[in-house]
Structures are given as C-alpha cells and as structure tokens.
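Colleague: If you count by full-length UniProt numbering, then the sequence shown holds residues 1 to 277, one letter each, in order. All C-beta atoms in this analysis are idealised placements derived from N, C-alpha and C, irrespective of residue type, glycine included. Source: prediction; values computed, not measured.
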Amino acid sequence: MIGVGPFPIQVFTIIGAVLLGWMTARFVARRMPEVSYKTAGSMILDAVVWGLLAARLIYIAQWWDEYSAKPMSMLAIGDRGFSWWAGIVVAVAYIWWRTRLTQALRGPVLAGVMVGVVAWAVAGGVLNLMQSSAPPLPDLQLATLDERSISLSAYAGRPIVLNLWASWCPPCRREMPVFEQAQTEFPGVAFVLVNQGENPKQAQAFLESEGLKLTDILLDPASELMRLMGSRGLPTTLFFDAQGRMVDSHLGEITMPSLKDKILRRFDRSSVSGTGK
1 MIGVGPFPIQ VFTIIGAVLL GWMTARFVAR RMPEVSYKTA GSMILDAVVW GLLAARLIYI
61 AQWWDEYSAK PMSMLAIGDR GFSWWAGIVV AVAYIWWRTR LTQALRGPVL AGVMVGVVAW
121 AVAGGVLNLM QSSAPPLPDL QLATLDERSI SLSAYAGRPI VLNLWASWCP PCRREMPVFE
181 QAQTEFPGVA FVLVNQGENP KQAQAFLESE GLKLTDILLD PASELMRLMG SRGLPTTLFF
241 DAQGRMVDSH LGEITMPSLK DKILRRFDRS SVSGTGK
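(1) To the nearest angstrom, how far is the alpha carbon of Ile60 from that of Val178?
(2) Report the three-state DSSP secondary structure of Met32 (helix, strand or coil).
(3) Have a look at Ile2 and Ile160 and give me their C-alpha separation to the nearest angstrom.
(4) Where Arg26 and Ala111 are concerned, what is the direct C-alpha to C-alpha distance, given to the nearest angstrom?
(5) Need the endpoints of the beta strand (DSSP E) that Ile77 sits in, please.
(6) Mind checking Thr237: buried by the 16 CB within 10 Å criterion, or exposed?
(7) Spatial neighbours of Ile150 within its chain, please: CB distance less than 8 Å, with the 5 preceding and 5 following residues excluded, ordered by chain position.
(8) For a quick check, are the C-beta atoms of Ala119 and Ala55 less than 7 Å apart?
(9) Let's test the definition: count the other Cβ atoms within 10 Å of the Cβ of Asn195 and tell me whether it reaches 16, buried, or not, exposed.
(10) Taking Cβ positions, are Leu228 and Pro138 nearer each other than 7 Å?
(11) Whether or not the stretch 98-117 and the stretch 29-42 are in contact is what I'm after, with contact meaning three or more pairs of Cβ atoms, one per stretch, closer than 8 Å; do they touch?
(12) Going by C-alpha to C-alpha distance, which of Ile77, Tyr94 and Gln181 sits closest to Asp46?
(13) Looking at the secondary structure, which residues open and close the alpha helix (DSSP H) in which Asp46 lies?
(14) I need the DSSP call for Ser149, collapsed to helix, strand or coil.
(15) Which residues in the same chain as Leu212 place their Cβ atom closer than 6 Å to its Cβ, once the five residues preceding and following it in sequence are excluded?
(16) So, with DSSP's three-state summary, where would you put Asp261?
(17) Using the three-state DSSP reduction, which class does Ile2 fall into: helix, strand or coil?
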C-alpha cells in the first residue's frame, strides 16, 4: 500500500493538485494588471470547497439506499466516497458564475483549475501503475478460530476482500457489520477477515459479544500479513481479483457504499454474484 505515515497517498495528491492550481492562478493573475492575484487564489480555494461538497453530496445520492440505512456514515468522508468529476463540473460552474461581472479574472482561475486537474489525473495514473505492481495475494499460512492451519491461497480462484483488523481497534469494530452484510449480498466474493496480533480467545470473545456471524475469520498472531502487504495501520482492506492480483486498497474504516462501489468497479459483476464460471 502506498501512503505517507498513516494517510493514503491519494489525500496528498489532492492537496498537491489544489496547491498547484492555487499557485498557477496567482502566477497568471500577477501578469494581468487589471486582476487581483489574491482574488484569483481565493476563488480557487472557494471553488475547491464547493466542488468537494458537491462531489460528496452527489456520491451520497448515488448510494442513497446504503447511506440512508446508516445516516451517520454520510459524515464519514474517510471512506473516500466522492463523485470527483461531478465535483469538478460544479467547481468550474461556480467559477464561471463568480466571474460573470469580472471576466478578466476567469482566465487565471480556470487556468489554475486546468493545471490542478491535469496534475491530479497524472498522479492518479502513476498511482494506478504502482498499484498494478503491488504484491499478489501471499501464500501465507494462517489459522482458523479453532486453530486449524489454512493458507490464504485456499481462497484463490475468486475475488477476495481481505480485511486486517483487531478487536482493540474502534474503526475495525465499527466496520465489522459492513462485512457481515456484504458476504450475504456478494456470495461470489470471499470476505477474509484476518485478525492481527491476537489469540483465538480474544478474537472469539469479540465476535460473540457483537453477535457477528462472519464466515472466514483467520488469525495472524505475528501480524505477518501487515508486514507483507506494507499496511501502515488498522483497519486495512485489500481487494484481490480471481487471479490473486491486488486491484484496490483502503486504509481506515470502510462504509457499505464505499465497499460496494469498489467491489462493483473492480470485480466482474457475474463473479461477485456467484454466477460467474
């Protein structure tokens, strides 16, 4: 997994793109005597705020059934649930409206938006290339709750959602019902939840206290999987296709809309429903 400290690298690509767009708008505006470079920079930041808000609201609308079932999850922006291109359209429309009376300002601000979007798109492409070279599903020996040995390779041949968790981790505890629901809705996907660093009694006691019925709970008492996959914290959710290639990852608590979105975008729809061959 790629990141800086406990934060996914995508957060820093967005911040970097916004900063580059802000600098570009100010730079272009400085060369236009009739335009205030401070106003140009400020308008970029305002457009980012409105664009982010619109991107989040539109994403929530797309997944309304899931968010409405758990309204507080609408505030969980850490699930990275944003409709980015819709947000960009709203940001540009906001700039167009704000500059209707000062059209000389429109050029520098839109130039900033263009540079920021291009930088963000290029960074996203580079990250996708790096993701494609991520380590495959490891052939690691783990244990079941009744302490039988099992290898992760036993799940090969179908899509896998691999979650790394611990009972002492609050976001891990909060997202467990999400996986319980998902394993019913997507029977073709293996939801493998690997406990990190705890013994069978600790893991079992937590599952029983929460009344969770999860089918594939494994134990990794040495937290070897975190090291192999380069995870920087818990919870971590990794997505592997039927060939064992990692196609996506998520650091931190994941919500049902975000989980469904990734599954439907990354996996073949016939395989996730259990009808694929």
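Modeller: The relevant details are as follows:
(1) 17 Å
(2) coil
(3) The predicted position of Ile2 is uncertain, since its pLDDT is 46 and thus under 50; a value taken from the coordinates is nonetheless stated next. Straight-line Cα distance between these residues: approximately 20 Å.
(4) 10 Å
(5) Careful: Ile77 lies outside any beta strand (DSSP E) and carries neither H nor E.
(6) buried
(7) Gln141, Leu142, Ala143, Thr144 and Leu218
(8) no
(9) buried
(10) yes
(11) yes
(12) Tyr94
(13) Tyr37 to Gln62
(14) strand
(15) Met176 and Glu180
(16) helix
(17) Here the model assigns Ile2 a pLDDT of 46, short of 50, so the residue's position is not dependable, and the following value carries that caveat. Reduced to three states, the DSSP call for Ile2 is coil.
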